[in-house]
Amino acid sequence: MNMRTDKRLHDRQFVRTFFTTPTAETGDADSAKKLRSAIGLSGMQAPDVWVPDNEDATAPNMRDEGAANIAEVVAEGGAEFPGEIHPRVVWHRDSPETRYTGFQHMLEIADPENGAIEHIDGFVIPEVGDIDDWKKADECITMVEHEYGLEDGSLAMSVIIESGAAEQAMTKLRAAMGNPSNNLQRLFLLVIGEVDYTKDMRAITPTGSLPAWPEVRHNTSSAASAAGLIGVDGPYDDIRDVEGYNERMTENQAKGLLGIWSLTPTQVVEANRNPLPPQEGYWLIDANGTEVSLDEQDGAWVYSGDDISLEETDDGYRLTVGSDSTQLSADELHQELLGLTEYVPSLGDIVNSMEEFEAAKEAGKGAIAMTRAASISIDGVTVEISSDRMWDEATYQALQTPITLFQDVYEHRPDQHEDLTAIYSEDVVERAMNVGS
Amino acid sequence: MNMRTDKRLHDRQFVRTFFTTPTAETGDADSAKKLRSAIGLSGMQAPDVWVPDNEDATAPNMRDEGAANIAEVVAEGGAEFPGEIHPRVVWHRDSPETRYTGFQHMLEIADPENGAIEHIDGFVIPEVGDIDDWKKADECITMVEHEYGLEDGSLAMSVIIESGAAEQAMTKLRAAMGNPSNNLQRLFLLVIGEVDYTKDMRAITPTGSLPAWPEVRHNTSSAASAAGLIGVDGPYDDIRDVEGYNERMTENQAKGLLGIWSLTPTQVVEANRNPLPPQEGYWLIDANGTEVSLDEQDGAWVYSGDDISLEETDDGYRLTVGSDSTQLSADELHQELLGLTEYVPSLGDIVNSMEEFEAAKEAGKGAIAMTRAASISIDGVTVEISSDRMWDEATYQALQTPITLFQDVYEHRPDQHEDLTAIYSEDVVERAMNVGS
Amino acid sequence: MNMRTDKRLHDRQFVRTFFTTPTAETGDADSAKKLRSAIGLSGMQAPDVWVPDNEDATAPNMRDEGAANIAEVVAEGGAEFPGEIHPRVVWHRDSPETRYTGFQHMLEIADPENGAIEHIDGFVIPEVGDIDDWKKADECITMVEHEYGLEDGSLAMSVIIESGAAEQAMTKLRAAMGNPSNNLQRLFLLVIGEVDYTKDMRAITPTGSLPAWPEVRHNTSSAASAAGLIGVDGPYDDIRDVEGYNERMTENQAKGLLGIWSLTPTQVVEANRNPLPPQEGYWLIDANGTEVSLDEQDGAWVYSGDDISLEETDDGYRLTVGSDSTQLSADELHQELLGLTEYVPSLGDIVNSMEEFEAAKEAGKGAIAMTRAASISIDGVTVEISSDRMWDEATYQALQTPITLFQDVYEHRPDQHEDLTAIYSEDVVERAMNVGS
């Protein structure tokens, strides 16, 4: 139904990782060394989409050599690479010269005589402008396809959104993509390029750090949904800040932006892993405005921070959150704790719930209550909590995204099977592949 | 002037509540019991718009019976129901079969032989896609109107925004609604459907809770304004969390989204009440980043939290907010407290200010200072504060929205007169009906 | 390349300040006194764009006199005024009568017999609606130009965005501006009018304060970028709240909205100054979620708040942030402090870094590490920190915006040279004028 699940011209419904590699290094005996290293990656270190980057990552005077390097390295190693390969060429909405150079580089990389084209899934076009500029790039790729006898639309086109004009163009894709005078159905990824977007918007921050741009991330995700494409967030500059990178991904996922740019194999591992559900479920508590995860100890979930305290009193309990202290009966405490806590389900938990709902549906029930119980321990006082959540068809479908993602990954990335089984166990993986639809 | 105040095809300028009810229950002797119960509501428990929900709230195999139930129950009780009645039928941008079923259900519900149509104000169409899909739904309703000899556009059409495509379509309404080849002037409510929107956007949160989607709420409100329609926020799942529901409404109102979905009569009461000004005005203080309301005691407004403290010293005052402590003169303290406090006016306060401004305007003045004074008490130290706010025509008009809302409610909901008078007093209600153009 | 740097029809690439003045005061012997006072401003007190405001700032019955006053005062003093002059006339998307009055006022102000037109740079049109309404205003200005033999498009047109319809119209500018049947290339500023926008959106806040409208600010900035225009934020009502006004500007700059409305000469000074880099650089520390600036004392940067504490222990250091306390080695402490601190560069710092990168590029290097070192002192414990940041062409260009802004200001505002030199020193100013591009 949904264009993304029709898999139209591309195989993947989801892309977690978009990993760029310089195509040519000055002053190195083997100027393609980084390309050779990247194409050898596999498992959790290999991205879903690998981008030999003949634009910003490569010095301007090395880009002709870079294009040649891409052709050579992909011809050699492309057959074994587990992800898709989408080289980035140069392009600029304001420069016909740059566009012509990008076109020439595509012609070179795709030349069948070089032997790379059978492993190339598409091209990444940076610095696009309004929809007419996107059509120019599409036309260049169409000419490449015809020059070499490839099928119309067989090469995907992904773009980097790094201008206000491109941001507006995204709202016109759905209508433009059906037009017989273009092949825009080849569109694949909408990738945000925050560094150049910041420049185009002329934004300033006191420290020179990148603005968070929440609205661009929303607009990209919504446009991807409307046009059946896949949204990807831009690079996270501070490559040592693993925690910050993961926080950004969690934020993005709540916007429907499940993919992110990776600059290093370490970032690739984090980005391949982050959108998948955790191995073990755990409880969160709202500690005076901050979500804190509880530690499991002897079957109880223990809070050990300073923002919440709990003591038994003669006639019940005294619960203190921040500077608010209240006297509660056992029942009231139960209600209060239900309000403060939330459970983060593991992949196994999600599979269990889905199987349970599917069985109920089979038996003719439209909605069932899922119960979740736990012992919560604060300051040595342990309280049993238990809550019911009603599941109906809508809940079932809305919570299915992590499973669909998992299935897409498992289907397209056999090189990650071992890792996934090690994380989740064979039983959970097998059941996860069978629930849903 | 404004399309919304022209009241075009619909009567209501404002809709506070959008209340859905299942249309048929499996295994119940009277499968329409919930419909019968809902159509009997009145006063603060009755919604502005009641939606017999023949889509998600009703099991798929019960929907034919549901359509029949709607016709029967509305025929019986529709004349007495104090709000508008807009049944929701099935529809899906990706499924011609579902669209055809929805069309058949509309034909059945609207059949004059069933006696319901004179009480039906319109239909709610879920899961719409791009603007062309909206036009298909419009056309189905036009055919229903012609089949039964109803006037063109007499049935309103409300849509649920639950896809990126629909989000984009909202920017095209203003231009499309004037086109003679459709009857899109029948459009009434733009309702956000966050559960299915989350699914369509493929968003994930760790706990499975709904993302907040601030941008969709803005886009819906702005599109409603541009096209002369009314924006309504989606359901708030946690029906026991009354405080959270009210916080969500306050947030929405700052976005111009004055209506919200209600799942229970209790939620209806909250949602009918929340956008109206309070019965009594009160003061807020900024307690180290959190707005806290002060308690009135013996004519003074008392702060009793721990985040602000105040003491008299030999040469003035020491004010401590969080960990910042400053020594202040009486004048400086007055300034500081003016900065920290804000007044939330009651309906009576707003009416007073408007009357005062109208009298000044009558007397030839374009701007007047409104004075607001209070005694603020912290740690037993009481300080008199007083501030002037300049009111001009723009202030007057911008602050008029709660009054216009009140007048719209009072005019269209006689069944709430008694409640409104009990809350605000007869005098305030009468004056509120007379201020403002 | 970029339309904004092509300078198309207008001279300025940046506008920091948009200062409105009433055009006629009731009951004053010289009803144009405020206009005369404003046109005499210069230096940091004079705005980039001065707006004699014949709409909201002037009483309705004084507007004919206001138009005459504008012509008279600008004829007298326009030659000496250091900024651009763009009078605001009346206009309303819903009122042909108001539009006709605005047209008449433009005809009067621009009449060559009045001698003002050679100093008038354009007009500001409030309350615009959809793109067709913008075209009507454009056409009125075209007729004014033809009536008086002015060149097509020589009068700029700026609009106030104060309706959902205008918000949507901004996405259509790029395509409309190339159309030979209009002169929309005259567009200059997109100014947000939050007070009337709030009214149009029918938004409510409990205290009657303005909503923050982050999405409108984003949409305006993005549309300005897409269409080669300049975005400006609306008025900040609380004219005594200098700190709040500056915080709003810092927030806006991160959205690419570098200009803001000013209601008083004091606000003009703040708004002229705020987007330029500081005179002296300084360090920030993340004190448990709040960014706090450190004080320089004897060469060290000292934190003196209560949220972070640091002590030496037998085997290293104990760092406490909020209620989290950790034992760290010297190396770990260094890493931790690097993560918590950030440097805000001065204009001189930015010039230094850019010169250094330009020299490296000249010498054939594509990327260099910029080192920033400092002594950070907490609770008397002093720690040396040092970090490298890689600069490549993209970093260089993204961080260039403050310099481009500075150069634009320096070029167009000779009356501010003295102030700028006093702030930054002659040496830094001269070097700032030479780096970049």
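Protein chains in written order, with our numbering: chain A, 746 to 1182; chain B, 746 to 1182; chain C, 746 to 1182. The beta carbon of each residue, even a glycine, is placed where N, CA and C say it ideally should be.
Roughly how many whole angstroms lie between the Cα atoms of residue i and residue j?
i                       : j                       : result
residue 1065 of chain A : residue 1052 of chain A : 8 Å
residue 1046 of chain B : residue 1087 of chain C : 41 Å
residue 1032 of chain B : residue 1093 of chain B : 27 Å
residue 1154 of chain B : residue 1001 of chain B : 17 Å
residue 751 of chain B  : residue 970 of chain B  : Confidence in residue 751 of chain B is poor, its pLDDT being 41 and thus under 50, which makes the residue's placement too unreliable to answer from.
residue 1183 of chain A : residue 767 of chain C  : An answer regarding residue 1183 of chain A cannot be provided, because it is not within the stretch 746 to 1182 covered by chain A.
residue 1133 of chain A : residue 1097 of chain A : 15 Å
residue 947 of chain C  : residue 877 of chain C  : 23 Å
residue 823 of chain A  : residue 1099 of chain C : 40 Å
residue 746 of chain A  : residue 908 of chain B  : Note that residue 746 of chain A scores a pLDDT of 33, beneath 50, so its modelled location is shaky; the value from the coordinates is reported in the next line. Distance between the alpha carbons of residue 746 of chain A and residue 908 of chain B: 13 Å.
residue 813 of chain C  : residue 929 of chain A  : 56 Å
Hey, could you find the ends of the alpha helix (DSSP H) residue i is sitting in?
i                       : result
residue 826 of chain A  : Taken as a continuous stretch (DSSP letters only), residue 826 of chain A belongs to no alpha helix (DSSP H), as it is neither H nor E.
residue 918 of chain C  : 918-921
residue 1147 of chain C : 1146-1157
residue 1102 of chain A : 1092-1107
residue 1055 of chain C : No alpha helix (DSSP H) contains residue 1055 of chain C, which is instead part of the beta strand (DSSP E) from 1053-1058.
residue 867 of chain B  : Taken as a continuous stretch (DSSP letters only), residue 867 of chain B belongs to no alpha helix (DSSP H), being part of the beta strand (DSSP E) at 867-870.
residue 854 of chain A  : 841-855
residue 897 of chain A  : From DSSP, residue 897 of chain A is part of no alpha helix (DSSP H); its letter is neither H nor E.
Name the DSSP bridge partner or partners of residue i?
i                       : result
residue 1117 of chain A : A/1132
residue 1069 of chain B : B/1066
residue 1042 of chain C : C/1045
residue 763 of chain B  : B/794, B/1006
residue 1126 of chain C : C/1123
Give every residue of the same chain whose Cβ lies closer than 6 Å to the Cβ of residue i, excluding the five residues on either side of it in the sequence, and list them in chain order.
i                      : result
residue 844 of chain B : 836
residue 905 of chain C : 871, 936, 938
Might you give, ordered along the chain, the residues of its own chain that have their beta carbon closer than 7 Å to the beta carbon of residue i, omitting 5 neighbours on each side?
i                       : result
residue 748 of chain C  : In this prediction, residue 748 of chain C has a pLDDT of 44, which is less than 50 and means its spatial position is unreliable; nothing more can be read from the coordinates.
residue 1050 of chain B : 1032, 1037
residue 1015 of chain A : 987, 990, 991
residue 1082 of chain A : 1121, 1128, 1130
residue 1022 of chain A : 1090, 1091, 1092, 1095, 1147
residue 789 of chain B  : 1014, 1017, 1018, 1161, 1164
residue 917 of chain A  : 876
How would you call residue i, buried or exposed, if buried means at least 16 neighbouring beta carbons within 10 angstroms?
i                       : result
residue 941 of chain A  : buried
residue 774 of chain C  : exposed
residue 758 of chain C  : buried
residue 1007 of chain A : buried
residue 978 of chain B  : buried
residue 1114 of chain A : exposed
residue 966 of chain B  : buried
Is there a C-beta anywhere in chain E that falls below 7 Å from the one on residue i?
i                      : result
residue 947 of chain A : Annotation note: the requested chain E is absent from the structure, which comprises protein chains A, B and C.
Which residue comes first and which comes last in the beta strand (DSSP E) that contains residue i?
i                       : result
residue 1164 of chain B : Careful: residue 1164 of chain B lies outside any beta strand (DSSP E), inside the alpha helix (DSSP H) at 1162-1169.
residue 976 of chain C  : 975-978
residue 1061 of chain B : 1061-1066
residue 999 of chain C  : Here residue 999 of chain C belongs to no beta strand (DSSP E), and DSSP marks it neither H nor E.
residue 1028 of chain C : 1027-1032
residue 1088 of chain B : 1086-1089
residue 901 of chain A  : 901-906
residue 1184 of chain A : No answer is possible for residue 1184 of chain A: it lies beyond the span of chain A, which begins at 746 and ends at 1182.
Between residue i and the rest of its own chain, which residues show a CB-CB distance below 8 Å, the 5 nearest in sequence each way excluded?
i                       : result
residue 1111 of chain A : 1137, 1138
residue 900 of chain B  : 855, 865, 866, 867, 868, 886, 889, 890, 931
residue 1028 of chain B : 1038, 1039, 1046, 1086, 1087, 1088, 1089, 1119, 1121
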